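Some notes on the structure that comes next.
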Ligand SMILES: Cc1cc2nc3c(=O)[nH]c(=O)nc-3n(C[C@H](O)[C@H](O)[C@H](O)COP(=O)(O)O)c2cc1C
């Protein structure tokens, strides 16, 4: 059975570095037989979790009627999820954080509903490395989240790319994204 891979792109640049690397990852995944899809979060209607807790008590999941209702089933049916984000202010973008906060609604039953799935990270930043850019904070956030919900945090591709087109000029980075896509397509 083909693996299903969902890439969430949190950059507002539809042709930016995150998009370039996401395309590479998807190409690698498809070449290896996976079904892969990218969702661009920017421009979608994703409201902030308002902590109403209806998801925890109502048994019907999140009650906010917005575009997360289209994303939830895609998260649930995927084998692997890729968080693709630039570093903004030493963290992930706000678009990505809004989406991640809404995963709270997947915690309502006995187990977190994405438990056991693989989660990977594709990340770019303008500064020179993981530490000066603040990218390390994103890794720390996802590590803690995965430990908490029982997801398998496996596969991190990151690199320096400031302006549109920079990632494309970095064959090593492009290759890493392609290989991550291939690895996500492999049977677990
Ligand atoms: C609002 C904003 C905040 C940013 N904050 C950081 C930062 O904290 N650290 C960093 O290294 N780069 C930062 N950058 C640079 C972006 O990470 C970089 O331009 C990246 O390539 C953007 O990815 P994209 O082309 O996929 O949108 C910031 C850029 C913007 C627009």
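Numbering (the numbering used here), first residue to last: 363 to 550.
Backbone N, C-alpha and C fix where the C-beta goes; we use that ideal spot for every residue, glycine too.
Predicted model, so just to flag it, every value in this text is computed and none were measured.
So, with DSSP's three-state summary, where would you put residue i?
i, result
"residue 504", "helix"
"residue 406", "coil"
"residue 499", "helix"
"residue 493", "helix"
"residue 375", "coil"
"residue 383", "helix"
"residue 452", "coil"
In whole angstroms, give me the CA-to-CA distance for residue i and residue j.
i, j, result
"residue 459", "residue 502", "14 angstroms"
"residue 547", "residue 439", "15 angstroms"
"residue 541", "residue 398", "14 angstroms"
"residue 400", "residue 506", "24 angstroms"
"residue 434", "residue 420", "17 angstroms"
"residue 412", "residue 533", "42 angstroms"
"residue 382", "residue 473", "35 angstroms"
"residue 482", "residue 364", "18 angstroms"
"residue 407", "residue 429", "5 angstroms"
How would you call residue i, buried or exposed, if buried means at least 16 neighbouring beta carbons within 10 angstroms?
i, result
"residue 552", "This structure does not reach residue 552, given that the chain is present from 363 up to 550, and the question cannot be answered."
"residue 396", "buried"
"residue 425", "exposed"
"residue 448", "buried"
"residue 484", "buried"
What are the boundary residues of the beta strand (DSSP E) that residue i is part of?
i, result
"residue 521", "514-522"
"residue 402", "397-402"
"residue 466", "No beta strand (DSSP E) contains residue 466, which DSSP labels as neither H nor E."
What span of residues does the alpha helix (DSSP H) with residue i cover, start to end?
i, result
"residue 430", "430-439"
"residue 485", "Here residue 485 belongs to no alpha helix (DSSP H); instead the beta strand (DSSP E) covers 480-487."
"residue 536", "533-547"
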